[in-house]
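Here the structure is laid out as structure tokens; the discussion comes afterwards.
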Amino acid sequence: MTDEKINAVAVLAASALASGLATTTEEASDIAVEWYEQLRGKMSERTRRLADEVNAKMGF
């Protein structure tokens with residue numbers, strides 16, 4: 001796991017615990033990893049869309 005992923009999962013796990021969605025650290029970790037993967041997928045999709053827009057504006 002990269003440092004970025006470790007930090008992101010730690011913050012998301014803390015959020016899962018604080019919000020009451022998880023009652024144990026194991027549950028929080030599972031939720032956090034799922035959230036992280038979902039967010040990464042959305043960011044990648046957004047990045048691809050922005051790249052397509054930039055390429056279209058530049059005539060590529």
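With UniProt numbering applied, the sequence shown corresponds to residues 1 to 60, in that order. Here a beta-carbon is modelled for each residue, glycine too, at the ideal position from N, C-alpha and C.
Since residue i is in the alpha helix (DSSP H), which residue starts that stretch and which ends it?
i	result
G41	T25 to M58
L17	D3 to S19
Can the beta-carbon of residue i be found closer than 9 Å to that of residue j?
i	j	result
A28	A14	yes
K57	Y36	no
At a cut of 8 Å, does the segment 31-42 reach the segment 5-15 through at least three beta carbon pairs? yes
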